[in-house]
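Student:
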Amino acid sequence: MDGNRRFARSHHLGRVIRGHEKGFQQLAKVLEWCQDLGVREVTVYAFSIENFKRSSEEVNGLMHLAEEMFAKLLAE
2 MDGNRRFARS HHLGRVIRGH EKGFQQLAKV LEWCQDLGVR EVTVYAFSIE NFKRSSEEVN
62 GLMHLAEEMF AKLLAE
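Heads up: the sequence shown begins at 2 in my numbering, then just goes up one per residue.
#1: From this set, Y46, L38, K73 and G4, which residue's C-alpha is nearest K23's C-alpha?
#2: Measure the alpha-carbon distance for R16 versus A9 and round it to whole angstroms.
#3: Return the CA-CA distance between G62 and E42, expressed in angstroms with no decimal places.
#4: Using a 10 Å radius around the Cβ and a threshold of 16 neighbouring Cβ atoms, would you call E53 buried or exposed?
#5: Roughly how many angstroms lie between the CA atoms of V40 and L32, to the nearest whole one?
Here's what the structure looks like:
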């Protein structure tokens, strides 16, 4: 997952976390397609070590969002 911050800025979403939310929504769609196609394993590269250099607000928000979204996806 890459480009969520750029997406948020270019679409004037206000807060960067809104771009991350959109990214997770797209990931959910891709995972649904994979399931429909019978793909049994998927690897998601969502956060690099470099990302920890971002503001603590963004990192904490992203971690909280990831926790919520992955819990939701696993429940489905």
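Even glycine gets a Cβ: it sits at the ideal position worked out from N, Cα and C.
Tutor: So, from the listed chains and residues:
#1: Looking up residue 23 in the sequence shown gives position 22. The shortest C-alpha separation from K23 is found at G4.
#2: Within the sequence shown, residue 16 is the residue found at index 15, counting from 1. Within the sequence shown, residue 9 is the residue found at index 8, counting from 1. Rounded to whole angstroms, R16 to A9 spans 7 Å at the Cα level.
#3: Counting from 1 along the sequence shown, the entry for residue 62 is found at position 61. Counting from 1 along the sequence shown, the entry for residue 42 is found at position 41. If I take the Cα positions, the gap works out to 27 Å.
#4: Reading the sequence shown from its first residue, position 52 is the one you call residue 53. A small correction: the amino acid at residue 53 is Phe; Glu does not occupy that position in the sequence shown. It counts as exposed.
#5: Against the sequence shown, residue 40 aligns to sequence position 39. Against the sequence shown, residue 32 aligns to sequence position 31. Between V40 and L32, the C-alpha separation is close to 9 Å.
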